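The sequence shown begins at 1 in UniProt numbering and counts up one residue at a time.
Glycine is no exception: its CB is placed at the ideal position from the N, C-alpha and C atoms.
Treat the numbers as computed from the prediction; the structure is a model and nothing was measured.
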Amino acid sequence: MDYEKPLFFQVMQYAERAERDVIDMVSGNPDWEPPETLRDGLREYADRPVSEFQYPPSDGLRDLREEIASRRNVPVERVIVTNGGGEANYLAMAEALDRDAGNEVLLTDPVYPYYPGKTQMLGGEPVYVPVEADGRLDPTVVREHASDGTAAIVVNSPNNPTGAVYGEDTIEELVAIAEENDAILVSDEVYDHFDQSGRFTSALSVDSEHRAITASFSKSMAITGFRVGYTVLPPALAEPARTRHMLVNVTGSRPAQYAVLKALRETGPDYYEGTREMLATRIDAFTDALDSAGAQYTRPDGAFYVLARFEGFPGTMVNVERLIDEAGVAGMPGEAFGESRSEWFRFALVTPRAEEAADRLAGFFA
Ligand SMILES: Cc1ncc(COP(=O)(O)O)c(C=O)c1O
Numbered sequence: 001m002d003y004e005k006p007l008f009f010q011v012m013q014y015a016e017r018a019e020r021d022v023i024d025m026v027s028g029n030p031d032w033e034p035p036e037t038l039r040d041g042l043r044e045y046a047d048r049p050v051s052e053f054q055y056p057p058s059d060g061l062r063d064l065r066e067e068i069a070s071r072r073n074v075p076v077e078r079v080i081v082t083n084g085g086g087e088a089n090y091l092a093m094a095e096a097l098d099r100d101a102g103n104e105v106l107l108t109d110p111v112y113p114y115y116p117g118k119t120q121m122l123g124g125e126p127v128y129v130p131v132e133a134d135g136r137l138d139p140t141v142v143r144e145h146a147s148d149g150t151a152a153i154v155v156n157s158p159n160n161p162t163g164a165v166y167g168e169d170t171i172e173e174l175v176a177i178a179e180e181n182d183a184i185l186v187s188d189e190v191y192d193h194f195d196q197s198g199r200f201t202s203a204l205s206v207d208s209e210h211r212a213i214t215a216s217f218s219k220s221m222a223i224t225g226f227r228v229g230y231t232v233l234p235p236a237l238a239e240p241a242r243t244r245h246m247l248v249n250v251t252g253s254r255p256a257q258y259a260v261l262k263a264l265r266e267t268g269p270d271y272y273e274g275t276r277e278m279l280a281t282r283i284d285a286f287t288d289a290l291d292s293a294g295a296q297y298t299r300p301d302g303a304f305y306v307l308a309r310f311e312g313f314p315g316t317m318v319n320v321e322r323l324i325d326e327a328g329v330a331g332m333p334g335e336a337f338g339e340s341r342s343e344w345f346r347f348a349l350v351t352p353r354a355e356e357a358a359d360r361l362a363g364f365f366a
């Protein structure tokens, strides 16, 4: 395994050591409040009997799995609660590769960097499919890259880092391509609550033995530290994935699942709408100020990242360090997300100071 330490750790460490005020737009850690009911759930948990401080069922608290299954309209046996979306992706990719139906994993370029890392760790081979300039994924191009050797097609919508949201036609086509090539579509939907376009379509809307979805409460409830996510797998993969999950983890965290369950049951749509509205305001403020900075950027349709490019100033690690030291803004180098965006920077809108950050960038590039 020669997978390097993720670049974002390096950038965060560099920003922490800086001798000036730095606006942190590096990580995907929300800075907003979780649902109040989640805090209530945690408080309640402290007074539960000691028997509830012990191992929960390996595949998750039954009530939580049932709640998820009824919301997603799938049989409860197909739901495995995981340690975040990260483990959900690992399980789905591992089982797709274990079918002995190919060794290649189709990924997009730009890509969420943990996918190639996981692919390599699992002995698979990443094959990159370029996306359009605005982040859209053209299924025709995916089809050109798919073959008998394809084990999985891993996509993410709303997308990190492009902000693209794949509509119904794209999702239907992706499932069809997986079926035609005896592969598994792994649809990572961890940003499903952050669709600003109204076009988001879950892969669960297309019934098929060839699609898996992965999801998480990390972002939707602003709790990346809790580690609660889930996967819905095709019937043939659910059992082996359950075994893999148990052998790797034993189980997940009971108090975290308890609090998530309470929040799921008792939080209305207002919470999610409020977060989306707050982020829409940040997107407007940040992109308006990027206009003043003369930057080229893609306005995200979903998730909470903005890719931006500055003339003559490529998104390398050296330039990321310069922006930290000289502008007081920390972002991610585009090269972390694959070759196609190596000229770009990714800024995460996880700070109320997004507009100030863009003003600082405007000042730096003036
Ligand atoms: C596309 C994508 N998938 C998965 C994850 C991991 O989510 P979790 O914190 O639930 O493991 C992230 C986190 O940033 C992400 O951006």
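How would you write the range of the beta strand (DSSP E) that residue i sits in, first residue to last?
i, result
"S364", "Per the sequence presented here, residue 364 reads as Phe, with Ser not at that position. Here F364 belongs to no beta strand (DSSP E); instead the alpha helix (DSSP H) covers 354 to 365."
"E125", "125 to 130"
"I80", "79 to 82"
"R346", "345 to 348"
"A183", "Note, A183: premise wrong, no beta strand (DSSP E); not H, not E."
"D109", "104 to 109"
"G229", "229 to 232"
"T214", "211 to 216"
Given this structure, state the Cα-to-Cα distance separating residue i from residue j, to the nearest angstrom.
i, j, result
"A330", "T108", "25 Å"
"R299", "L290", "11 Å"
"Y55", "V250", "9 Å"
"R39", "R17", "32 Å"
"G328", "M12", "13 Å"
"F364", "A96", "47 Å"
"residue 390", "E189", "Nothing can be reported for residue 390: it is not among the residues displayed for the chain, which extend from 1 to 366."
"E266", "G41", "10 Å"
"P161", "G85", "16 Å"
"D270", "L264", "13 Å"
"residue 369", "E326", "Limits of the chain in this structure are 1 at one end and 366 at the other, which puts residue 369 out of reach."
"T201", "I171", "7 Å"
"S253", "F226", "8 Å"
"V206", "S147", "21 Å"
"M25", "N181", "39 Å"
"V320", "E36", "36 Å"
In the structure shown, what three-state DSSP assignment does residue i receive?
i, result
"N156", "strand"
"T337", "It is Phe, not Thr, that sits at residue 337 in the sequence shown. In the structure shown, F337 sits in a helix (DSSP, three-state: H, G or I)."
"residue 367", "The chain is shown only over 1 to 366; residue 367 falls outside these bounds and no answer can be derived."
"D169", "helix"
"Y115", "helix"
"V248", "helix"
"R309", "strand"
"G225", "coil"
"D59", "coil"
"D195", "strand"
"V190", "coil"
"T150", "strand"
"A330", "strand"
"G302", "strand"
"T351", "coil"
Since residue i is in the alpha helix (DSSP H), which residue starts that stretch and which ends it?
i, result
"D40", "36 to 46"
"Q296", "Premise fails: Q296 lies in the beta strand (DSSP E), 296 to 298, not in any alpha helix (DSSP H)."
"S70", "62 to 72"
"V266", "Reading off the sequence, residue 266 comes out as Glu, not Val. E266 -> alpha helix (DSSP H) spans 254 to 266."
"L290", "269 to 292"
"V318", "317 to 322"
"V141", "139 to 145"
"Q54", "Per DSSP, Q54 belongs to no alpha helix (DSSP H) and is neither H nor E."
"L122", "First-last for L122: undefined, no H or E at that position."
Does the stretch 230 to 238 come close enough to the stretch 205 to 219 to have 3 or more Cβ pairs within less than 8 Å? The stretch 230 to 238 makes contact with the stretch 205 to 219: 3 or more CB pairs, one atom from each, lie closer than 8 Å.
Check whether the stretch 257 to 277 touches the stretch 35 to 53, taking contact to mean three or more Cβ pairs, one atom from each stretch, closer than 8 Å. Counting C-beta pairs with one atom in each stretch, the stretch 257 to 277 and the stretch 35 to 53 have three or more that are closer than 8 Å, which means they touch.
Cβ contact (3+ pairs, closer than 8 Å) linking the stretch 334 to 343 and the stretch 305 to 315: Judged by Cβ distances under 8 Å, the stretch 334 to 343 makes contact with the stretch 305 to 315, as three or more pairs qualify.
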